[in-house]
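Engineer: Top line first, the protein sequences correspond to chains A and B.
Numbered according to the UniProt record's numbering, the first sequence spans residues 1 to 322.
Numbered according to the UniProt record's numbering, the second sequence spans residues 1 to 322.
From the three backbone atoms N, C-alpha and C, an ideal C-beta is built for every residue, glycine too.
I'd like to ask you about the structure that follows.
Protein chains: 2
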Amino acid sequence: MKEFELIKKYFTEQAVKRKDVLIGVGDDCAIVTPSEKQNIAIATDTLVAGVHFPVNTSPRAIGHKAVAVNLSDLAAVGAEPSWVSVAITLPEIDEEWIDEFCKGLFELCEYYNVQVIGGDTTQGPLSITITAQGLVPAGQEMLRTGAKSGDWIYVTGELGDAALALSHILGKETLEQAIFEKVKQRLDYPTPRVLAGQALRNYASSAIDLSDGLMADLSHICGASGLGANIVLEKLPLSDSLVEALGEEKAIETALAGGDDYELLFSVSEDNKVGLETALGHTGVKFTCIGQFNPSEKITTTLNSKPTAINVKGFEHFATND
Amino acid sequence: MKEFELIKKYFTEQAVKRKDVLIGVGDDCAIVTPSEKQNIAIATDTLVAGVHFPVNTSPRAIGHKAVAVNLSDLAAVGAEPSWVSVAITLPEIDEEWIDEFCKGLFELCEYYNVQVIGGDTTQGPLSITITAQGLVPAGQEMLRTGAKSGDWIYVTGELGDAALALSHILGKETLEQAIFEKVKQRLDYPTPRVLAGQALRNYASSAIDLSDGLMADLSHICGASGLGANIVLEKLPLSDSLVEALGEEKAIETALAGGDDYELLFSVSEDNKVGLETALGHTGVKFTCIGQFNPSEKITTTLNSKPTAINVKGFEHFATND
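Structure (structure tokens):
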């Protein structure tokens with residue numbers, strides 16, 4: 001099968017046809033029509049086999065995750081996802097693999113009314129780069145720079161399950177099958193917090209998505225906003241599976257250091273707290289206040305009101321010092 | 001060195017700062033401000049080491065080419081390039097390599113006032129995926145579907161030099177050093193026809209960029225427009241190097257089948273021919289009329305007014321039947 005037919009077959013049959021896409025897959029470029037009232041948010045993330053997902057991950061999960069991690073970035077600025085470009089590098093043509101990959105990819109796109117507008121298919125070691133674009137009312141973008149001292153720190157969902165699943169796959173932990181199946185869903189099929197991101201726009205002072213781990217990502221907001229923060233460890237939202245598998249102390253460490261959660265971390269001023277909790281309540285997403293920003297430029301933690309010394313680092317590629 | 005510092009160091013120091021980029025590198029997403037009068041053209045192309053460039057290609061050439069092939073797609077619809085997202089997968093951190101790669105990449109971006117707005121750096125086998133975006137006045141996009149029977153077929157520049165250089169590198173041809181050096185420039189540093197693409201907008205009925213080879217790319221326009229075409233072989237613009245190295249017959253074959261030219265192929269009606277030639281003349285780009293579309297749905301060639309039978313196919317990834 002030729003490249004052109006391969007792309008055509010899978011990418012032109014997508015159900016989503018947005019009105020703002022004039023030309024989708026099939027010409028030299030896609031052509032989209034922007035609106036003057038909305039800015040465009042653009043995110044690009046690459047997943048490499050064996051680095052960002054275990055080599056034996058199901059193609060459906062890979063397709064889901066490749067889109068999800070990008071929609072998660074859009075959610076973190078409060079954008080409504082609209083268009084994605086998909087660049088796939090494949091070692092060989094395997095129609096079944098592509099079929100499953102596309103299922104995972106398009107399911108998520110259709111759920112959020114996102115159109116695949118183009119991309120590239122090339123031969124080589126397996127990796128996927130997606131560029132996702134979304135629309136956000138001009139001036140309402142949530143940035144990493146907006147946090148203020150005294151703002152409350154929140155996260156959506158529960159933390160650490162994806163990292164626990166990865167520990168089992170890497171042989172660092174041995175989980176009961178039932179627990180593994182549960183947390184593996186969170187590693188393979190992360191839920192981008194798209195609706196929560198949009199609900200936060202009018203209330204949150206800053207936001208980021210948790211891909212590298214809570215401590216690493218929180219430090220990005222601290223760095224960008226020139227702040228420190230204290231995290232109240234007993235408030236961290238941990239799943240029953242995580243606590244059952246690791247015990248509370250190790251569960252907390254995993255929630256702080258583990259990557260791949262794709263939850264949102266965001267900040268809100270005292271004045272906006274009620275408004276935010278009401279708006280987020282309507283989305284049905286779990287959210288928890290876990291700490292507060294302060295002017296110290298350091299990140300500290302407390303457990304039952306006592307300071308703790310926890311040394312954790314988030315996941316970084318090429319991190320030679322870890 | 002950590003991923004974040006690596007990205008920061010090279011990608012935040014770019015000279016181009018566009019007014020329509022509100023947030024560039026450094027947050028979850030880039031944020032850009034569109035204009036209601038202009039549509040956005042979006043192209044994504046991946047270059048894989050050993051597939052799209054020889055493994056010993058200089059990093060500077062790789063950086064140049066990764067941007068150039070995407071700007072070439074934008075040129076083919078008549079768009080003015082504006083923003084690029086750069087996803088690089090690298091086997092290891094090599095500061096010198098990255099420095100040279102960035103030089104090649106940013107030189108071209110600066111020339112065309114294009115801002116690098118974000119991307120991703122990951123570890124794995126060498127490949128680069130760039131998503132380039134450009135602006136085009138609404139309704140003036142040149143598409144593959146617009147050619148009409150009787151329209152004249154033109155190409156910019158000269159054809160086949162890049163393919164000749166690749167033949168030498170692959171050991172299929174042995175070139176004199178002086179000739180090789182000349183044509184290697186065309187393989188390593190293709191010139192995207194950005195200004196020509198914009199000049200064509202008001203005159204051309206269709207356009208495509210030549211990446212897979214003249215015959216393959218022409219067949220895409222024929223397919224999209226429901227037409228056939230005849231190419232007048234003695235009109236093909238061949239470089240002196242190509243004819244000197246291969247002789248005329250083989251030079252013509254190479255010009256028809258060879259990929260990687262990144263010239264524009266476009267069509268124009270009899271009525272618009274003079275306007276087009278005047279507009280293109282101002283850009284200083286060489287252009288040549290090489291044939292005409294017809295209703296036959298076949299591509300034929302003539303040499304000195306006699307039909308010829310030439311069997312050539314363009315380059316396709318995964319092409320198992322060739």
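Any chance you could list the beta strand (DSSP E) runs of at least 3 consecutive residues sitting entirely within the UniProt domain "PurM-like N-terminal" (26 to 136) of chain A, in chain order?
Structural biologist: Those beta strand (DSSP E) runs which fall completely within the UniProt domain "PurM-like N-terminal" (26 to 136) of chain A and span 3+ residues are 30 to 32, 38 to 48, 80 to 90, 115 to 123.
Engineer: Straight-line CA distance for Q123 of chain B to S72 of chain B?
Structural biologist: Cα to Cα, Q123 of chain B sits roughly 28 Å from S72 of chain B.
Engineer: Per DSSP, N230 of chain B forms a beta bridge with which residues?
Structural biologist: Note: N230 of chain B sits in a beta bridge opposite B:Q292, B:T300.
Engineer: Can you tell me which residues form a DSSP beta bridge with D23 of chain A?
Structural biologist: In the sequence as presented, Asp is not what sits at residue 23 of chain A; that position holds Ile. Answer is A:I31, bridged to I23 of chain A.
Engineer: Give me whichever residues DSSP pairs with V155 of chain A in a beta bridge.
Structural biologist: Answer by DSSP bridge pairing, in chain order: A:L265, A:T288.
Engineer: Just the Cα atoms here: how many angstroms apart are S241 of chain B and K184 of chain B?
Structural biologist: About 11 Å.
Engineer: Using a 10 Å radius around the Cβ and a threshold of 16 neighbouring Cβ atoms, would you call L200 of chain A buried or exposed?
Structural biologist: That one is buried.
Engineer: Please classify A207 of chain A: does DSSP put it in a helix, a strand, or coil?
Structural biologist: Reduced to three states, the DSSP call for A207 of chain A is strand.
Engineer: Please determine if the stretch 278 to 285 of chain A and the stretch 187 to 204 of chain A are in contact, where contact requires at least 3 C-beta pairs separated by less than 8 Å.
Structural biologist: Flag = yes, the stretch 278 to 285 of chain A and the stretch 187 to 204 of chain A touch.
Engineer: Name the residue from B:D271, B:L236, B:L227, B:S305 whose alpha carbon lies nearest to the alpha carbon of S296 of chain B.
Structural biologist: Residue B:L227 is the option with its Cα nearest to S296 of chain B.
Engineer: What residues from chain A crowd round G118 of chain B, counting only those whose CB sits closer than 8 Å?
Structural biologist: Under the 8 Å cutoff, chain A gives I42, A43, T44.
Engineer: Name, in chain order, the residues that DSSP records as bridge partners for K306 of chain A.
Structural biologist: Partner(s): A:L303.
Engineer: Apart from the five residues on each side of it in sequence, which residues of its chain come closer than 6 Å, Cβ to Cβ, to T320 of chain B?
Structural biologist: With a pLDDT of 34 at T320 of chain B, under the threshold of 50, the modelled position of that residue is not reliable, and no figure is offered here.
Engineer: Starting from the beta carbon of Q68 of chain A, find every residue of chain B whose beta carbon is closer than 9 Å, and list them in chain order.
Structural biologist: Checking the displayed sequence, the identity of residue 68 of chain A turns out to be Ala instead of Gln. Per Cβ cutoff of 9 Å: no residues; A68 of chain A is ~14 Å from chain B at best.
Engineer: Leaving aside the five residues before and after T89 of chain A along the sequence, list all residues of the same chain whose C-beta is less than 6 Å from its C-beta, in chain order.
Structural biologist: So the qualifying residues of the chain are T122, G124, S127.
Engineer: Return the CA-CA distance between V67 of chain B and A75 of chain B, expressed in angstroms with no decimal places.
Structural biologist: Those two C-alpha atoms are separated by around 12 Å.
Engineer: Of the choices A:V114, A:S219, A:T308, whose alpha-carbon is the least far from that of E249 of chain A?
Structural biologist: Nearest of A:V114, A:S219, A:T308 to E249 of chain A, Cα basis: A:T308.
Engineer: Would you report the Cα separation of A15 of chain A and S85 of chain A, rounded to the nearest angstrom?
Structural biologist: Taking the straight line from one Cα to the other gives about 16 Å.
Engineer: Determine, using beta carbons only, whether C109 of chain B comes closer than 8 Å to chain A.
Structural biologist: Judged by the 8 Å Cβ criterion, C109 of chain B is not in contact with chain A.
Engineer: Under the three-state reduction of DSSP, which class applies to L280 of chain B: helix, strand or coil?
Structural biologist: Reduced to three states, the DSSP call for L280 of chain B is helix.
Engineer: I want to see whether chain B comes within less than 8 Å of E141 of chain A, judged by CB atoms only; does it?
Structural biologist: Chain B contact via Cβ: present.
Engineer: Within the continuous alpha helix (DSSP H) that includes residue 327 of chain B, where are the two ends?
Structural biologist: Here chain B comprises residues numbered 1 to 322, so residue 327 of chain B is not present and cannot be evaluated.
Engineer: Would you tell me roughly how many angstroms separate the C-alpha atoms of C289 of chain B and A196 of chain B, rounded to the nearest one?
Structural biologist: Straight-line Cα distance between these residues: approximately 15 Å.
Engineer: Would you call N56 of chain B buried or exposed, if buried means 16 or more other Cβ atoms sit within 10 Å of its Cβ?
Structural biologist: Exposed, by the Cβ-count rule.
Engineer: Give the secondary structure of D212 of chain A by DSSP, where H, G and I count as helix, E and B as strand, and everything else as coil.
Structural biologist: In this structure, D212 of chain A counts as coil in the three-state DSSP scheme.
Engineer: Helix or strand or just coil, what does DSSP make of E173 of chain A?
Structural biologist: The answer is coil: DSSP assigns E173 of chain A none of H, G, I, E or B.
Engineer: Can you tell me the Cα-Cα spacing of I98 of chain B and A163 of chain B, whole angstroms?
Structural biologist: When rounded, the distance between both Cα atoms is 27 Å.
Engineer: Could you give the distance in angstroms between the alpha-carbon of P190 of chain B and the alpha-carbon of G139 of chain A?
Structural biologist: Near 39 Å, if we compare the C-alpha coordinates of G139 of chain A and P190 of chain B.
Engineer: Rounded to the nearest angstrom, what separates A41 of chain A and F293 of chain A at their Cα positions?
Structural biologist: Their Cα atoms are separated by approximately 26 Å.
Engineer: Counting only Cβ pairs nearer than 8 Å, list the residues of chain B close to residue 325 of chain A.
Structural biologist: Residue 325 of chain A falls outside the range modelled here, since chain A spans only 1 to 322, and no answer is possible.
Engineer: I'd like to know if D209 of chain B contacts chain A, where contact means its C-beta is closer than 8 Å to some C-beta of that chain.
Structural biologist: Interface residue, yes.
Engineer: Using 8 Å as the threshold, is the stretch 129 to 146 of chain A in touch with the stretch 34 to 51 of chain A, meaning 3 or more CB pairs across them?
Structural biologist: A contact exists between the stretch 129 to 146 of chain A and the stretch 34 to 51 of chain A.
Engineer: Taking 8 Å as the cut-off, does the stretch 152 to 159 of chain B touch the stretch 255 to 273 of chain B (at least 3 CB pairs, one atom from each stretch)?
Structural biologist: Touching, per the Cβ criterion.
Engineer: Look at I299 of chain A and L238 of chain A and say whether their C-beta atoms are less than 8 Å apart.
Structural biologist: It is not a contact, given that the beta carbons lie outside the stated cut-off.
Engineer: Which two residues bound the contiguous alpha helix (DSSP H) that contains T254 of chain B?
Structural biologist: Taken as a continuous stretch (DSSP letters only), the alpha helix (DSSP H) holding T254 of chain B covers 248 to 257.
Engineer: Give the single residue among A:F106, A:E270, A:T301, A:G134 whose Cα lies nearest to the Cα of D28 of chain B.
Structural biologist: Considering only alpha carbons, the answer is A:G134.
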